[in-house]
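Participant: Chains A and B supply the protein sequences, listed in that same order.
Each number in the working numbering comes from the position in the first sequence (counting from 1) with 355 added on.
Each number in the working numbering comes from the position in the second sequence (counting from 1) with 16 added on.
The beta carbon of each residue, even a glycine, is placed where N, CA and C say it ideally should be.
Every value quoted in this text rests on a predicted model; they were computed, and no experiment measured them.
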Amino acid sequence: MKAKHLRNRWLGLLPLSLIFFLSGCGQLEMTVLNPKGPVAQSQYDLIVYSLWFMLGIIVVVFALFTYMIIKYRENRPGRKESDYDPNLHGNTTIEIIWTIIPVIIVILLSIPTVTTLFDLEKPPVPAAGEEEKEPLVVYATTADWKWFFSYPEQDIETVNYLHIPADRPIEFRLSSADSMSALWIPALGGQKYNMAGMMTTLYLEADEEGVYDGRNSNFNGEGFAAQTFKVYAESEEEFNAWAEEISNEAPELTAERYDELLAPGLTDVQSYSNTHLDYVKHHTREGMGYVVEKYREQFKEKLHLYEIEEQESFQ
Amino acid sequence: MHITDILVTGEPIIYGAMVSMALGGLAILFVLTYFKKWKWLWREWLTSVDHKKIGVMYILSALLMLFRGGVDAMMMRVQLAFPDLGFLNSQHYNEIFTTHGTIMIIFMAMPFLIGLMNIIVPLQIGARDFAFPYLNALSFWSFFFGMALFNISFVIGGSPDAGWTSYTPLSGAAMSPGPGQNFYLMGLQLSGIGTLATGINLMVTILKMRAPGMKLFHMPIFTWSTLVTCFIIVFAFPILTVALALLTIDRIFGAQFFTLTGEGLPMMWANLFWMWGHPEVYIVILPAFGIFSEVIATFAKKRLFGYNVMVWSMIVIALLSFLVWVHHFFTMGAGAFVNSVFSVSTMLIAVPTGVKIFNWLATLYKSKIEFTVPMLWSLAFIPSFILGGVTGVMLGMAAADYQFHNSYFLIAHFHYVLIAGTVFACFAGLVFWYPKMFGHKMNERLGRWAFWLFFFGFHVCFFPQYFLGLDGMPRRLFITNVAEWLPLNVISTVGAVGMALGFVVFVYNVYYSFRYSERETTGDSWNGNGRTLEWATTTPVPYYNFATVPYVDEIDPYVRMKEEGKTTFEEDEVKPIHMPSYTGQPFIFMALLGLASFGLIFEWMYLAVFGLIGGVVMMIRRSFDYDDGYYVSVEEIKETEKKARGL
């Protein structure tokens, strides 16, 4: 009966390996494991580096575990008297070994973690042979539940979509008009928080042209699922042409229009030929309460954003 | 005020819940009245200060909460696997994941473990009850009323919806008006009193009431894990108390500690929350380690390998647990240096934890493994927990965490450690000590079914979520709105169904075993393999626990006691035993504080003030309480013991 039970255990592992297999097939398409820029690349390298250690640990522990539960089960046929030692309770040498090995692993993992951390605070270094470019500054501000991208250099602003030149570092200056959110474009690199009354800096860069998904990854209420945006990474010329076009053709963002946009709710994609930075600075102590004070009454209402279910659901 | 202003309206699911709660409540009232059990309920349970009964009440409440949190989980899984069904809207989903997280941590995992500690720790150290039995009852009722408050929120007033972390400014009065968040604050605050009191109570019990001769390093490992946990509770919970109080003052009295206006510091909440929150994680995992150590040693029929190292590694983990809280928000932009420090301190926790894993494996070396149900849960823990542990180290690498944070990778990680760690331990511990508590074992065959269903369900549910995270799926997303994420979500939901079935079989097993299991005749229920003192006394345990407390000067004292034929009933040494009297005061006291909290939630200040004054009156009443308990006579002890031991 015991043997049958053990066989069941192995049979049971089949569905597990199936998941492994399925997931393995999909791996090439997983965004984080398919980096499209130097920042995402450095994080990918770190993840893959750590995965080797983790796999090693898993293999060792699983092997030891399997050995123990097979060899030392009570009614294994052919158990020997020497297979049982109830008073064995320690072995200094082996205990020192299995303390030191994890310490070494932690050191080996810490070194690249720390160096990567410091690298991520600076614009990505250009690949060998390429000239260093000044980062493009983009203010990314969130308000429930939308994104404002202000380009001070070009003096334009977009809502809920982002254009960036490829092969040039982007310096995002993150802030929020109300709740805490986070800018995450997994194809280009990890996230950082947007917080009212503060400004955080995040460097990202695309080294391949294309359209990527970006979103707020930090839960902030009812419209959270809809707070996404598309990132259009294009050549420097295309980007300049686009900026030029917005600058010439898009309407002006007046203070009144901006206030309307700040009200909690959802909006579609929009473009303006100036930025909101002249009106209110959400990252300052003075500006951090601006939206909450202005829209106190609206925040009291449950929005029940049924439209996002219809809009977002794929059929 | 009209009734519809208070009751939650407009949700068919909630109407259904209301009806079933009303019917369930009526059924309980009917049964109690019909069988004339009201007096029994009050005398034997509500006024009890017996640690064993309080422990049973803790565990029953925790199982009920496992059901509630599990239903929340199933609703989320249905919504994510069938996004086109329109089953839950955004608001409803947000409420459900908030209550799921809060209930599972605060009202399920902790009370389950505290329930086991309540019953087992005094028995393991040869004590007759807690150091402060009155306080113990008070702890339970504070938890109970806190839990009740939190759970009525979804029918009265509306559930909290800002996540179990309740980050400000989202959870502040401006962006989350209404009673929902107040339910979270007051529910946690009230039950937090109980947790803190239990921490102090158990700490004193363990330090002062051990059997004669028992040094700290003779204590069973589960008692050790409890002691270490108590220190974490005593240092961590005051932080939560203060944070909750500040946010309550913000929300109800208009202060500006965490607000966006008036120079508030919303990020301070995240810091305070995790200064408590990270140690909290170890409050629920260290006792689990203790349980696994006991079960593995018992069914390996062997001494625990590296006892001293096991103890020291727990102490190191407890110390480190206070030094890693920033890893919950590496992405806040604290800078490379700060993140580096917390990255390294986080990864260091893997060292003592890894050492413990190797010690468990070494305990299995040259052992005789018997695959009982508690052993199955404990063995399954090792490989499952490793998967959660290594991904924890990956999350600890701050630079990589920028990609993992807020994603399903994180969700998969903490469910792997909390379920494979804490939940497996709760099941292992409950099945292991079940005969001690109820006088009969749980059915093995049904137990295996429950285990295998839950075990495979668990892996099928959470393993795919690592890959969802790597594909960029954020947590707390109410709708699967990217087509590539759907297949893995469907697999995940299938797994969740497996876990639910496992739970159903487990609960059925409670009933089945009550009806059909053989009653225990000996105290040493697991084929005489018990190693520690709880197995030395009879089953069911007499209310005074031990007629005579043995002299202990080693680890696993019961092994030698059996060899030498000693028992906990040495007839010549029996002396009268001092026991505490039952009292209804803790129940009434906490009911009054519950009323005050309810008043604060709805900002009905008269009710709040009335309840608080009632609480103060109860404290004064207690101060003039001269009931010193009573003595059990030698004759009664001898009679009870002879009957139980068949002498």
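My assumption, with CB atoms under 8 Å, is that residue 245(B) sits in contact with residue 312(B). Please give the rounded CB distance.
Facilitator: Translated into positions along the second sequence, residue 245(B) becomes position 229. Translated into positions along the second sequence, residue 312(B) becomes position 296. Wrong, their Cβ atoms sit about 19 Å apart, outside the cutoff.
Participant: In its own chain, which residues sit with a C-beta less than 6 Å from the C-beta of residue 388(B), not counting the 5 before and 5 after it?
Facilitator: Here residue 388(B) corresponds to residue number 372 of the second sequence, with the count starting at 1. Excluding sequence neighbours, residue 388(B) sits near 315.
Participant: Which of the three DSSP states, helix, strand or coil, is assigned to residue 511(A)?
Facilitator: Translated into the one-based positions of the first sequence, residue 511(A) becomes position 156. Three-state DSSP puts residue 511(A) in a strand.
Participant: For residue 148(B), tell me which candidate among 65(B), 330(B), 514(B) has the shortest Cα-Cα distance.
Facilitator: Position 132 of the second sequence, counted from the first residue, corresponds to residue 148(B). Nearest option by C-alpha distance: 65(B).
Participant: What residue from 660(B), 52(B), 297(B), 584(B) has the CA that sits closest to residue 535(B)'s CA?
Facilitator: Along the second sequence, one-based indexing puts residue 535(B) at 519. Selected option, being the one with the closest Cα: 660(B).
Participant: Does DSSP put residue 571(B) in a helix, in a strand, or in coil?
Facilitator: Sequence index remark: in the second sequence, residue 571(B) carries index 555 (1-based). In the structure shown, residue 571(B) sits in coil (DSSP, three-state: anything other than H, G, I, E or B).
Participant: Out of 648(A), 595(A), 574(A), which one is the CA nearest neighbour of residue 494(B)?
Facilitator: In the second sequence, residue 494(B) corresponds to position 478, counting from 1. For residue 494(B), the nearest C-alpha among the options comes from 574(A).
Participant: Hey, residue 504(B) and residue 474(B) are a contact pair by Cβ (cut 8 Å); roughly how many whole angstroms apart?
Facilitator: For the purposes of this step, residue 504(B) is taken as residue 488 along the second sequence, with counting starting at 1. For the purposes of this step, residue 474(B) is taken as residue 458 along the second sequence, with counting starting at 1. With a Cβ gap of about 16 Å, residue 504(B) and residue 474(B) do not count as contacting.
Participant: Excluding five sequence neighbours on each side, which residues of the same chain lie with their C-beta closer than 8 Å to the C-beta of residue 630(A)?
Facilitator: For the purposes of this step, residue 630(A) is taken as the residue at position 275 of the first sequence. 494, 505, 506, 507, 510, 511, 512, 608.
Participant: Please state whether DSSP places residue 381(A) in a helix, a strand or coil.
Facilitator: Along the first sequence, read from residue 1 onward, the residue named residue 381(A) stands at position 26. Reliability of the predicted coordinates at residue 381(A) is poor, the pLDDT of 49 falling under 50, and the value obtained from them is presented with this limitation in mind. Of the three classes helix, strand and coil, the one that applies to residue 381(A) here is helix, per DSSP.
Participant: Is it right to say residue 310(B) is buried, meaning 16 or more other beta carbons lie within 10 angstroms of its own, or is it exposed?
Facilitator: Counting from one through the second sequence, the residue named residue 310(B) turns up at place 294. Residue 310(B) comes out buried.
Participant: Among the candidates 588(B), 468(B), 377(B), whose CA atom is the shortest distance from the CA of residue 657(B)?
Facilitator: Residue mapping note: residue 657(B) aligns to position 641 of the second sequence, counting from 1. If we check each option's Cα against that of residue 657(B), 588(B) comes out closest.
Participant: Sort out for me which residues DSSP pairs residue 595(B) with in a bridge.
Facilitator: Within the second sequence, residue 595(B) is the residue found at index 579, counting from 1. DSSP, once it has assigned bridges, lists 646(B) as partnering residue 595(B).
Participant: CB-CB under 7 Å to residue 467(A), same chain, minus the five flanking residues each way: which ones, in chain order?
Facilitator: In the first sequence, residue 467(A) corresponds to position 112, counting from 1. Only 401, 404 meet the Cβ criterion.
Participant: For the stretch 106 to 124 of chain B and the stretch 487 to 502 of chain B, state whether three or more C-beta atom pairs, one from each stretch, are separated by less than 8 Å.
Facilitator: Flag = yes, the stretch 106 to 124 of chain B and the stretch 487 to 502 of chain B touch.
Participant: Curious, which full-length alpha helix (DSSP H) runs of at least 4 residues does the stretch 276 to 323 of chain B contain?
Facilitator: Runs of the alpha helix (DSSP H) inside the stretch 276 to 323 of chain B: 282 to 316.
Participant: Give me, in chain order, the residues of the same chain whose beta-carbon lies closer than 6 Å to that of residue 386(B); leave out the 5 immediate sequence neighbours on both sides.
Facilitator: Walking along the second sequence from the start, residue 386(B) turns up at place 370. Excluding residues within five positions, the ones whose Cβ falls inside 6 Å are 315.
Participant: Against chain A, with Cβ distances strictly below 8 Å, would residue 212(B) count as a contact?
Facilitator: Numbered from 1 along the second sequence, position 196 holds the residue referred to as residue 212(B). Output row for residue 212(B): interface = no.
Participant: I'd like to check one pair, residue 308(B) with residue 444(B): are the Cβ atoms closer than 8 Å?
Facilitator: For the purposes of this step, residue 444(B) is identified with residue 428 of the second sequence, where counting begins at 1. For the purposes of this step, residue 308(B) is identified with residue 292 of the second sequence, where counting begins at 1. Result yes, Cβ atoms of residue 444(B) and residue 308(B) sit closer than 8 Å.
Participant: Give a yes or no on contact between the stretch 174 to 188 of chain B and the stretch 117 to 130 of chain B, applying the rule of three or more CB pairs nearer than 8 Å.
Facilitator: Enough Cβ pairs lie closer than 8 Å, so yes.
Participant: Quick one: list the residues of chain A neighbouring residue 356(B), beta-carbon separation under 9 Å, in chain order.
Facilitator: Here the question's residue 356(B) lines up with position 340 in the second sequence. Residues of chain A passing the Cβ test: 465, 468, 469, 472, 473.
Participant: How many angstroms separate the CA atom of residue 644(B) from the CA atom of residue 61(B)?
Facilitator: As a position in the second sequence, residue 644(B) is number 628, starting the count at 1. As a position in the second sequence, residue 61(B) is number 45, starting the count at 1. Distance between the alpha carbons of residue 644(B) and residue 61(B): 20 Å.
Participant: Indicate the three-state DSSP secondary structure (helix, strand or coil) for residue 436(B) in the structure shown.
Facilitator: Taking the second sequence and counting its residues from 1, one reaches residue 436(B) at position 420. The answer is helix: DSSP assigns residue 436(B) an H, G or I state.
Participant: Going by DSSP in three states, residue 636(A) sits in which element: helix, strand or coil?
Facilitator: Counted from its first residue, the first sequence places residue 636(A) at position 281. Three-state result, residue 636(A): coil.
Participant: Under the DSSP definition of a beta bridge, which residues are partnered with residue 63(B)?
Facilitator: As a working note, residue 63(B) is residue 47 in the second sequence. Paired residue(s): none; residue 63(B) is not in a bridge.
Participant: So that I know if they touch, is there some Cβ in chain A lying closer than 8 Å to that of residue 547(B)?
Facilitator: Start at 1 with the first residue of the second sequence, and residue 547(B) comes out as number 531. Judged by the 8 Å Cβ criterion, residue 547(B) is not in contact with chain A.
Participant: According to a CB-to-CB cut-off of less than 7 Å, which residues of the stretch 621 to 648 of chain A neighbour chain B?
Facilitator: Listed by position along the chain: 640, 643, 644, 647, 648.
Participant: Compare the C-beta of residue 570(B) against all C-beta atoms of chain A and say whether one is closer than 8 Å.
Facilitator: Taking the second sequence and counting its residues from 1, one reaches residue 570(B) at position 554. No, its Cβ sits nowhere closer than 8 Å to a Cβ of chain A.
Participant: Would you say residue 381(A) reaches chain B, if we count a Cβ-Cβ gap shorter than 8 Å as a contact?
Facilitator: As a first step, residue 381(A) is located in the first sequence; it is residue number 26 there, counting from the start. With a pLDDT of only 49 at residue 381(A), under the threshold of 50, the placement of this residue in the model should not be trusted, and no figure is reported.
Participant: To be precise: take each residue of the stretch 109 to 139 of chain B, compare its Cβ to all Cβ atoms of chain A, and keep it if any distance is under 8 Å. Which residues remain?
Facilitator: If the cut-off is 8 Å between Cβ atoms, the stretch 109 to 139 of chain B has 110 near chain A.
Participant: Residue 547(A) bridges to which residues according to DSSP?
Facilitator: By 1-based counting over the first sequence, the position of residue 547(A) is 192. Its beta-bridge partners are 538(A).
Participant: DSSP three-state label for residue 104(B), please.
Facilitator: For the purposes of this step, residue 104(B) is identified with residue 88 of the second sequence, where counting begins at 1. Three-state result, residue 104(B): coil.
Participant: Counting only C-beta atoms, is residue 512(A) closer than 8 Å to chain B at any point?
Facilitator: Residue mapping note: residue 512(A) aligns to position 157 of the first sequence, counting from 1. For residue 512(A), the answer is no, since every Cβ of chain B falls outside 8 Å of its Cβ.
Participant: For the candidate residues 482(A), 421(A), 543(A), whose alpha-carbon lies nearest to that of residue 385(A)?
Facilitator: Locating residue 385(A) in the first sequence gives position 30, where the first residue counts as 1. Minimum Cα distance to residue 385(A) is reached at 543(A).
Participant: Mind listing, in chain order, the continuous alpha helix (DSSP H) runs of no fewer than 4 residues lying wholly within the stretch 96 to 171 of chain B?
Facilitator: You should have 106 to 118, 126 to 141, 149 to 168.
Participant: Please list the terminal residues of the continuous alpha helix (DSSP H) segment that includes residue 547(B).
Facilitator: Residue 547(B) sits at position 531 when you count from the first residue of the second sequence. Premise fails: residue 547(B) is in no alpha helix (DSSP H) and is neither H nor E.
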